[in-house]
Amino acid sequence: MSESQRRPAAPPRRRRAKPIRHLPSLIAMLVALASCSPRIVPPVTTPPPAEPPKPQTAAETGVRAGPAIDTVAPTEIEAAHAAFRISCPAVSKRQDASGLTRPQDWAAACAGLPAPGNGAALVAWFRSAFELIEVADGTAFVTGYFEPEIAGSRVSGPGFEVPVYRKPPDLVEVDAAAAAAAGTLRRGRLENGVIVPYYDRTEIEDGALAGRGLEIAWAADPIDFFFLQIQGSGRLRLPDGGVMRIGYAGQNGRDYVGIGKLMKDRGLLGPGQTSMQGIVAWLREHPEEGRAIMRENKSYVFFQELTGPGPLGALGLPVTPRRTVAADPKFVPLGAPVLLQLDRPEASGLWVAQDTGGAIKGANRFDTFWGAGAEAARVAGGMQGKGRALIVVPKGTLARLGAPAQP
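Residue numbering for the sequence shown follows our numbering, beginning at 48 and increasing consecutively.
Have a look at this one:
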């Protein structure tokens, strides 16, 4: 092998890169070209106009004159007389959150209330002291409630394991106006000096209040007790045959969620199943899913034992079967009579707004009270009336509010 074959070949010589002599000029040219290019301006999106605030009271919503007061039948005036009589002292002193009436107006009207037993005098007084007013267009939606009776016990034990709690001492309630001004919750509990949301239904059912001595009784069935909470009062049928009556004492401040609409929207209830009876049947057929659905209603009601006659309404007075109606006090003066003209004849007539309800919100939304027992449960559970609502107010209210006449 020759020497040239043994010696490795020399690597090729690299050529030195020549410097770019005109680099500054090239950069200047690129900058100039860039400055001549059209500028891309990002699109400007205009936010949609803010929705006007929703009216918070009847006065803000707008009212107009109703028909003549003699639209109210004499039989209805006489039938509602007893319920209205017990409301007179309260409505004559209470500030009206709806903005429609004043305590002194009611006091003047109630001062002339005739003694019971004189129907003609009662009708004459009613027609001379009051007038009818319509909030918004008066279109009403009316449901029903009753005083349920469920199995319960004063002590816990096998078969009685659902606690009925009294109002907890750490549940803080703040005046609505003060809460709005301070930007705080209306109801809650104090934590490091700040009001935080109170325990919701799930937390309470999982034991947030257990062991604090707050139990006043024990219910046998969680579904029965759930619906008793919605009604706001009821009776516990005790093992010895006695009855313990319990009534509303407070609420945890969480929003109420109607599970009937929720179940209907999810396709869980078919046609004709949206009554209370249909909802209960579904919950019992699907216990696990039913428990989860009930817990979506985070509202939780606390109770007190009642020893007087009948369940108590929001005025602290006994409610009257077939005459007491629950309403939103921001849209109906509590204690005022309300004339309902509905597609359900049994719910049409003169009622008295003596109660409130977590689901009863807004103008012309009412909940009629039917008493206790199986028949009351049947009527209330299937009540979904539609029609017209007229509020009875002291004469002179229309003129003071400047309410227009009927179109």
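Ideal Cβ placement from N, Cα and C applies to all residues, glycine included. Keep in mind it's a predicted model, so treat the numbers as computed, not measured.
Query: Can you check which of these residues, 237, 209, 212 and 210, is closest to residue 221 by C-alpha distance?; Result: 237
Query: In its own chain, which residues sit with a C-beta less than 7 Å from the C-beta of residue 145, not counting the 5 before and 5 after it?; Result: 104, 105, 106, 376, 377, 378, 379 and 380
Query: Determine the extent of the alpha helix (DSSP H) in which residue 108 is found, giving its start and end residues.; Result: 105-108
Query: Run through DSSP, which three-state label would residue 441 get?; Result: strand
Query: To the nearest angstrom, how far is it from the Cα of residue 441 to the Cα of residue 433?; Result: 26 Å
Query: If we count the other Cβ atoms within 10 Å of its Cβ and call it buried at 16 or more, is residue 217 buried or exposed?; Result: exposed
Query: Suppose you measure from the CA of residue 404 to the CA of residue 180; what does that come to, to the nearest Å?; Result: 22 Å
Query: Do residue 364 and residue 178 have their beta-carbon atoms positioned less than 7 Å apart in this structure?; Result: no
Query: Since residue 366 and residue 385 are thought to touch, with beta carbons under 8 Å apart, how far apart are those beta carbons, to the nearest angstrom?; Result: Not quite, the Cβ-Cβ distance comes to about 14 Å (not below 8 Å), so this is no contact.
Query: Helix or strand or just coil, what does DSSP make of residue 430?; Result: coil
Query: Report yes or no: do the stretch 189-197 and the stretch 388-397 share at least 3 C-beta pairs separated by less than 8 Å?; Result: yes
Query: Looking at the strands, I want to know which residues DSSP matches up with residue 280.; Result: 294
Query: Taking residue 373 as part of the beta strand (DSSP E), name the residues at either end of that continuous run.; Result: 371-373
Query: Find out if the Cβ-Cβ distance for the pair residue 410, residue 183 is shorter than 7 Å.; Result: yes
Query: Taking only runs that begin and end inside the stretch 121-157, name each unbroken alpha helix (DSSP H) of 4 or more residues, in chain order.; Result: 121-138
Query: Got a sec? Which residues, its chain only, sit under 6 Å from residue 246 by beta carbon, not counting five neighbours each side?; Result: 255
Query: Excluding five sequence neighbours on each side, which residues of the same chain lie with their C-beta closer than 6 Å to the C-beta of residue 400?; Result: 372, 374, 379, 381, 383 and 385
Query: Looking only at C-alpha atoms, which of 298, 439, 271 and 219 sits nearest to residue 338?; Result: 271
Query: Does the stretch 344-354 come into contact with the stretch 293-303, if we say contact requires no fewer than three beta-carbon pairs (one atom in each stretch) closer than 8 Å?; Result: yes
Query: If we ignore side chains and look at the alpha-carbon of each, how far apart do residue 131 and residue 201 end up?; Result: 35 Å
Query: Please classify residue 186 as buried or exposed, where buried requires at least 16 neighbouring CB atoms within 10 angstroms.; Result: exposed
Query: For residue 77, is the classification buried or exposed, using 16 other Cβ atoms within 10 angstroms of its Cβ as the cut-off for buried?; Result: Summary for residue 77: the model assigns pLDDT 48, below 50, so the residue's position carries little reliability; its value from the coordinates is reported in the next sentence. Exposed, by the Cβ-count rule.
Query: Whose C-beta lies closer than 6 Å to the C-beta of residue 135 among residues of the same chain, with five residues either side of it excluded?; Result: 157
Query: Taking 6 Å as the limit between beta carbons, can you name the residues of its chain near residue 452, skipping five residues before and five after?; Result: 112
Query: Name the residue from 147, 423 and 342 whose alpha carbon lies nearest to the alpha carbon of residue 449.; Result: 147
Query: How is the beta strand (DSSP E) around residue 309 delimited, first residue to last?; Result: It is not in any beta strand (DSSP E) - residue 309 instead sits in the alpha helix (DSSP H) that spans 306-312.
Query: For residue 203, name the three-state secondary structure that DSSP assigns.; Result: coil
Query: In chain order, what residues of the same chain lie with their CB nearer than 7 Å to the CB of residue 261, ignoring the 5 residues before and after it?; Result: 212, 213 and 215
Query: Kindly identify the DSSP beta-bridge partner or partners of residue 245.; Result: Answer by DSSP bridge pairing: none, since residue 245 is not bridged.
Query: In or out: residue 336 buried (at least 16 other Cβ within 10 Å) or exposed?; Result: exposed
Query: Residue 352 and residue 263: beta carbons closer than 7 Å?; Result: yes
Query: Exposed or buried, residue 324, counting other C-beta atoms within 10 Å across all chains shown (16 or more means buried)?; Result: exposed
Query: Tell me the DSSP secondary structure of residue 378 in three-state form.; Result: coil
Query: On the DSSP letters alone, give me the boundaries of the alpha helix (DSSP H) that residue 213 sits inside.; Result: Premise fails: residue 213 is in no alpha helix (DSSP H) and is neither H nor E.
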